[in-house]
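Accompanying notes for the structure given below.
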Amino acid sequence: MPDNTAPPAPSRTRRLRRGLAAASLLAAGALALSACGGDASAGGKDGKDQAGADAAAAKDASEAKISVTSKDGATDASINDTGVKVSGGKLTDVKLVQADNGATVKGSIAADGSSWKPSVQLERGTKYKLVANAKDGKGRPATENRTFTTVTSKNSFIGSYTPDGGKTVGVGMPVSFNFDKVITNKKDVQSHITVTSSSGQKVVGHWFGSQRLDFRPEQYWKAGSKITLKIDLDGVKGGEGITGVQSKTVNFTIGRSQVSTVDMNTQTMTVVQDGKTIKSIPISGGSPKNPTYNGQMVISEKFTQTRMDGSTVGFGGEYDIKDVPHAMRLSSSGTFIHGNYWGSPSIFGRSGTSHGCVGLRDNKGGGGDTPGKWFFENSLVGDVVVVKNSPDSTVKPDNGLNGWNMSWSQWTAGSAS
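Written out as C-alpha cells, the structure reads:
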C-alpha cells in the first residue's frame, strides 16, 4: 500500500550547499563573458596588467610605417603599379610570390631603403602574396602582409602600338593603337595617351571605330624631331568591366624626309629626299583591270623576301609567288611596293601589269644592283609613297597607316578629347 508519510524537510545544510553551487556557476559564467568580451576593467588585477602591457608595447612600437600600393584582398590589382614604401625607417627585405606555385617575383629595394618595386611586370589574373619588413632608427622591426589578385585578361584591355621605342621612322609614321577590347569610354582612354614632338607640332588622336586610335600632326612630322609617346592607361576604365593595365613611355625619332610619288600615267616614281629629287625609277603599277589605289600611303612593314598569294587578298589562284624580293607594305588589304623579277624588263616605265601593287625591276633572290634593291635599302618604315593618276579610288584612311588621306578638319572631328 502507498506510503502517505510526508518526506522530511531538507536540512538547512543541504539548501546552503545548493545555493553556493549556483552562485559558483553564476560567477564562472560572468568570468567567461568577461573574457570573451575583452573588458579589461572587469578582470581585476589581471586586466590592469594586460592593459599596461598593451600600452607599453604600443609605446615601444617601431616608427617605421610600411605602405603597399595593392590593397589586401583586392581582385583587380595593377600589373604595373605594385610597390612598397616606408616612412620613419628603411626596408630590410620584401618578398613577393605567386600564391599558387610559390614562384618568387624579382624586385629591388632602393638605395636609400625607402621603397621596393618588382623588376618585371606581374601576370594578369594571378594571386600574389607579399611580405615586407622594415626597421626604424632604433632597430625596431615592422612587418606588413598583403594578399591580392591582379586584374584578369577578361576584365582588362591592352593596346598594341606602333612604332616601337628606339626606332627611327619616316615623316609619315603615325602612332597607331589597336585595342584588344571594344572601347566605349573613348574620352578617358584617349586623354591618358599623349604624343608630343620636339618640333612643337600639335598632335591629335583620331578614332577609327571602337578599337583603333591613331595620332598624327596636321602635316608630316618635321625631319629629325624626337617623339615621346606616354601611355598612362593603368587603372583607366575602357568600358563596362574592363580596365587598362599599361603604363609606359616610348621614344622614337623621325629620320630624314622621304616622299616618293608614283605617276601611273608615266609609270614612273620620283623619290624626293629632304626636298630634293634624288632618283627617278621606272615602275609597273596595277593593270587596267586591277588598278593601284590613289593617295598617300605609308610604308608599314619591310620584308627582304616574302610570299604573295593572291588567294589571301581575294584573287583566287591567279598568282602565288613564294619569293618576292624587297617587299614593303602600303595597305592592310595587300598593296605593296616590291621587287619584280618575273616580269619582262620592257614593262617597267611603260605599262601596268600587276594586281594593284607597284613593281620595281629586281632579280630573283634580291641580289645585284637593281631599282628594287636600291629603293628598299633607302626606305624607312614610315616613309610616304604617293600614288596619283590611277583610275582607282583613293585608299581608305584606315586601310594601313594612311590617315593622311583625311583633311585636318576630318581628322580632328574623330577625336574624343
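Be aware that the sequence shown starts at 6, since it is given in the numbering used here, and climbs by one per residue.
In this text, a Cβ means the ideal position worked out from N, Cα and C, and glycines have one as well.
Quick caveat, the model's predicted, so the values are computed rather than measured.
Next on the checklist: With H, G and I counted as helix, E and B as strand and the rest as coil, what does DSSP make of glutamine 216?
Outcome noted: coil
Item to check | Exposure label - glycine 361; buried when at least 16 CB within 10 Å | outcome: buried
Item to check | Close-in-space but distant-in-sequence residues of the same chain around threonine 148 (CB under 6 angstroms, 5 per side omitted) | outcome: Asn138
Next on the checklist: Can you check which of these residues, Ile283, Lys134, Gln195, is closest to lysine 235 by C-alpha distance?
Outcome noted: Gln195
Item to check | Check whether serine 289 and phenylalanine 353 have beta carbons under 7 angstroms apart | outcome: yes
Checklist entry - What whole-angstrom Cβ distance do tryptophan 409 and glutamine 301 have, given they're in contact under 8 angstroms? => result 4 angstroms
Next on the checklist: Output needed for threonine 97: all residues of its chain with C-beta closer than 7 angstroms, excluding positions within five of it in sequence on either side, in chain order.
Outcome noted: Asn138, Ala139, Lys140
Checklist entry - Could you check where the beta strand (DSSP E) with valine 180 kicks off and where it finishes? => result 180-184
Next on the checklist: Taking the straight line between their C-alpha atoms, what separation do you get for lysine 70 and alanine 82?
Outcome noted: 21 angstroms
Checklist entry - On the three-state DSSP scale, how would you describe serine 412? => result coil
Checklist entry - Just to confirm, are threonine 266 and valine 156 a CB contact at a threshold of 7 angstroms? => result no
Checklist entry - Thinking C-alpha only, which one of Thr189, Gly93, Val318, Glu128 is nearest proline 146? => result Gly93
Checklist entry - Near phenylalanine 184, which residues of its chain fall below 6 angstroms by C-beta distance, leaving aside the five closest residues on each side in sequence? => result Phe162, Gly164, Gln216
Item to check | Anticipated Cβ contact below 8 angstroms, glycine 387 with valine 174, distance rounded | outcome: 3 angstroms
Checklist entry - Taking just the CA atoms, how far does aspartate 325 sit from threonine 317? => result 10 angstroms
Checklist entry - So what does DSSP say about glutamate 223, is it helix, strand or coil? => result coil
Checklist entry - Do glycine 372 and serine 305 have their C-beta atoms closer together than 7 angstroms? => result no
Checklist entry - Where does valine 400 fall in DSSP's three states? => result coil
Checklist entry - In terms of alpha-carbon separation, which member of Pro293, Ser338, Phe308, Asn299 lies closest to glycine 315? => result Ser338
Item to check | Own chain partners of serine 3 with C-beta closer than 6 angstroms, once the 5 adjacent residues on each side are dropped | outcome: Only positions 6 to 422 of the chain appear in this structure, which leaves residue 3 out of reach.
Item to check | Buried/exposed call for alanine 349, threshold 16 Cβ in 10 Å | outcome: Sequence check: residue 349 is serine here, not alanine. Per the 10 Å Cβ criterion, exposed.
Checklist entry - Which residues bound the beta strand (DSSP E) around serine 395? => result No beta strand (DSSP E) holds serine 395; DSSP gives it neither H nor E.
Checklist entry - Can you check whether the CB of histidine 331 is closer than 7 angstroms to the CB of glycine 370? => result no
Checklist entry - Roughly how many angstroms separate the alpha carbons of isoleucine 342 and aspartate 403, rounded to a whole number? => result 18 angstroms
Next on the checklist: Let's see if you can read the secondary structure: which residues bound the beta strand (DSSP E) around tryptophan 347?
Outcome noted: Element bounds for tryptophan 347: n/a, residue is neither H nor E.
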